[in-house]
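Under full-length UniProt numbering, read the sequence shown as residues 1 to 73, first letter to last. Where a beta carbon is used, it is the ideal one built from N, C-alpha and C, also for glycine.
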Amino acid sequence: MKTVILKVEGLRCASCAASVGSLLDAHAGVRGADVSFEEGRARVLYDPATTSEDRLVEVVEKRGFRVVARNPA
């Protein structure tokens with residue numbers, strides 16, 4: 001398992017964060033996602049054999065948000 005922290009631009013409310021969290025949680029290979037609109041970030045625990053950081057970024061950006069940075073946790 002790996003953890004990545006995605007800096008997400010455009011998270012303005014709790015429902016935005018919940019929406020992104022639900023999408024990430026439903027994505028194959030994700031074991032858990034904690035999204036904070038206050039901090040503008042998503043912490044994602046995932047299986048690198050099943051998905052990738054690039055794919056996680058795509059999931060977030062497909063929802064209309066912009067990932068401006070990513071860092072391993």
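When burial is assigned at 16 or more other CB atoms within 10 Å of the CB, is residue i buried or exposed?
i, result
"ALA26", "exposed"
"residue 95", "No statement about residue 95 is possible, as the shown extent of the chain runs from 1 to 73 and does not include it."
"THR51", "buried"
"ALA33", "buried"
With a threshold of 6 Å on Cβ separation, who are the neighbours of residue i within its own chain once the five nearest residues in sequence on each side are excluded?
i, result
"VAL35", "ALA17, VAL20, GLY21 and ALA42"
From the beta carbon of residue i, is the nearest beta carbon of chain C less than 9 Å away?
i, result
"LYS7", "Protein chain content of the structure displayed is limited to a single chain, and chain C is not contained in it."
Excluding five sequence neighbours on each side, which residues of the same chain lie with their C-beta closer than 7 Å to the C-beta of residue i?
i, result
"ARG63", "SER19, VAL20 and LEU23"
By how many angstroms is the C-alpha of residue j removed from the C-alpha of residue i?
i, j, result
"VAL4", "ARG12", "21 Å"
"ARG55", "LEU6", "12 Å"
DSSP three-state label for residue i, please.
i, result
"ARG55", "helix"
"ALA33", "strand"
What whole-angstrom Cβ distance do residue i and residue j have, given they're in contact under 8 Å?
i, j, result
"PHE65", "GLY10", "4 Å"
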